[in-house]
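The structure under discussion appears below in the form of structure tokens.
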């Protein structure tokens with residue numbers, strides 16, 4: 025089982041939100057709408073949508089990074105034209121969201137949302153800043169490891185994936201029930217990006233590589 | 029090899045919902061229908077931080093292959109809609125009723141993401157006026173008869189439907205794995 029279960033009590037919010045009944049597993053006919061996916065076009069995106077550091081008058085604080093990788097299907101073929109959306113906390117670990125009460129500063133030069141379409145090689149690329157870790161109230165002294173949220177569309181609606189990308193060597197992995205909800209350690213590690221000197225731009229930004237492999241569905245048990 | 033799912037978390041509200049997301053077609057179109065509902069948890073309380081996505085065929089039962097869901101042009105049909113829930117767990121869409129595909133009954137595919145959902149739940153919205161076609165629908169046929177009602181919207185008026193998603197509890201919505 026690659027994906028986490030619905031119910032993982034260490035992550036408290038699952039307790040009242042996890043479906044309790046077994047999923048119904050229908051055989052989908054070949055013309056089922058779930059076997060196709062919405063199409064998105066370049067004309068629908070803004071020119072700077074993939075650069076989270078250039079949305080405001082000034083530069084955001086923090087460590088500038090490039091995050092790139094490929095969206096692949098389970099046969100490792102590139103998924104072209106896939107819509108990839110990201111959102112994240114700022115360098116201090118604060119989201120530009122009214123519900124975030126963490127007493128860390130907002131950055132007037134950073135909102136932390138972006139999107140792009142993959143190219144013919146299935147590649148996405150964002151310029152952003154490295155997000156900070158932040159506390160949450162799941163349990164005493166709970167902290168989320170630094171992460172970037174990703175939302176990806178494949179070629180079938182059943183492949184729709186929302187996940188989180190982490191950074192290598194984070195000491196918080198062992199304490200984070202969201203990360204630990206993935207049963208197999210090797211699967212967890214698929215969410216950890218790789219520092220990459222080739223992607224790193226001299227005198228400008230560190231580079232991280234992270235590939236996303238879409239399954240047939242994250243809903244299967 | 030597959031990338032595991034993680035929760036959408038509570039803070040997607042400034043990133044994923046977008047202007048026009050719920051308006052698959054403008055509400056003024058004569059063939060527009062309204063769909064509204066609430067996402068509820070196992071205690072029956074509203075889920076104010078859920079994201080609901082719909083994906084559907086057009087009025088003729090054709091699966092759309094056109095862009096235009098992110099930047100609505102007011103014409104054409106992309107088939108995709110997205111709405112974040114409000115403080116009361118409510119969501120809404122303006123769309124058209126899909127035509128039937130193949131031998132089944134007309135339906136809209138629905139995905140729900142939320143804080144506390146480590147992976148999305150998938151379901152389908154069927155229409156109450158198509159009851160005669162429900163028995164022959166290959167997906168509904170696999171749903172135990174006593175739970176089928178959770179997949180059928182209620183009709184509120186000529187062009188408006190209500191569809192609640194219950195994540196857990198006595199009337200838990202039937203969720204599909206593919």
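Protein chains in written order, with my numbering: chain A, 25 to 245; chain B, 29 to 206. Glycine residues also receive a C-beta, built at the ideal position from the N, C-alpha and C atoms.
Query raised in the report: Does residue 245 of chain A get closer than 8 Å to chain B when you measure Cβ to Cβ?
Result: Unreliable placement is indicated for residue 245 of chain A, whose pLDDT of 45 sits below 50; the coordinate value is still reported in the next sentence. Chain B, which has a Cβ nearer than 8 Å to the Cβ of residue 245 of chain A, makes this yes.
Query raised in the report: Name the DSSP bridge partner or partners of residue 83 of chain B?
Result: B:108, B:137
Requested in this report: Would you list, in chain order, the members of the segment 139-163 of chain B that have their beta-carbon closer than 7 Å to a beta-carbon of chain A?
Outcome: 139, 141, 142, 143, 144, 145, 146, 147, 148, 149, 150
**Report entry** CA-to-CA distance, residue 81 of chain A to residue 166 of chain A, given in whole angstroms
**Finding:** 34 Å
Query raised in the report: With DSSP run on the structure shown, which of helix, strand or coil describes residue 74 of chain B?
Result: strand
Query raised in the report: Quick one: what does DSSP say residue 189 of chain B is sitting in, helix, strand or coil?
Result: strand
Query - Interface partners of residue 199 of chain B on chain A, CB under 9 Å - result: Per Cβ cutoff of 9 Å: no residues; residue 199 of chain B is ~11 Å from chain A at best.
Query raised in the report: Apart from the five residues on each side of it in sequence, which residues of its chain come closer than 6 Å, Cβ to Cβ, to residue 237 of chain A?
Result: 96
**Report entry** Minimum Cβ-Cβ distance from residue 178 of chain A to chain B less than 8 Å
**Finding:** no
Requested in this report: Establish whether the CB of residue 192 of chain B and some CB of chain A are separated by less than 8 Å.
Outcome: no
Query raised in the report: Is it a yes or a no for the segment 62-81 of chain B touching the segment 191-206 of chain B, going by three-plus beta-carbon pairs under 8 Å?
Result: yes
Requested in this report: Verify whether the separation of the beta carbon atoms of residue 170 of chain A and residue 194 of chain A is less than 8 Å.
Outcome: yes
Query raised in the report: Helix, strand or coil: how does DSSP classify residue 151 of chain B here?
Result: strand
Report task. Pull up the distance between the alpha-carbon of residue 245 of chain A and that of residue 132 of chain A, whole angstroms please. Result -> Annotation note: pLDDT 45 at residue 245 of chain A (below 50); position unreliable, no value reported.
Query raised in the report: Using a Cβ-Cβ cut-off of 6 Å (strictly less than) and excluding sequence neighbours within five positions of residue 134 of chain A, which residues of its own chain qualify?
Result: 84, 114
**Report entry** Residue-chain proximity (residue 31 of chain B, chain A), Cβ-Cβ < 8 Å
**Finding:** yes
Requested in this report: List the whole-angstrom C-beta distance separating residue 181 of chain B from residue 156 of chain B, where the pair is believed to meet the contact cut-off of C-beta under 8 Å.
Outcome: 6 Å
**Report entry** Contact list for residue 85 of chain B against chain A, beta-carbon separation under 8 Å
**Finding:** 57
Query raised in the report: Does residue 75 of chain B have its Cβ less than 8 Å from a Cβ in chain A?
Result: yes
Query raised in the report: Excluding the five sequence neighbours on either side, which residues of its own chain have a C-beta within less than 8 Å of the C-beta of residue 41 of chain B, listed in chain order?
Result: 77, 112
Query raised in the report: Rounded to the nearest angstrom, how far is the Cβ of residue 86 of chain A from that of residue 234 of chain A, given a contact under 8 Å?
Result: No, residue 86 of chain A and residue 234 of chain A are not in contact; Cβ-Cβ is about 19 Å, not under 8 Å.
Query raised in the report: Which residues, in chain order, does the segment 87-108 of chain B contribute to contact with chain A at a C-beta distance below 8 Å?
Result: 91, 92, 93, 94, 95, 96, 97, 98, 99, 106, 107, 108
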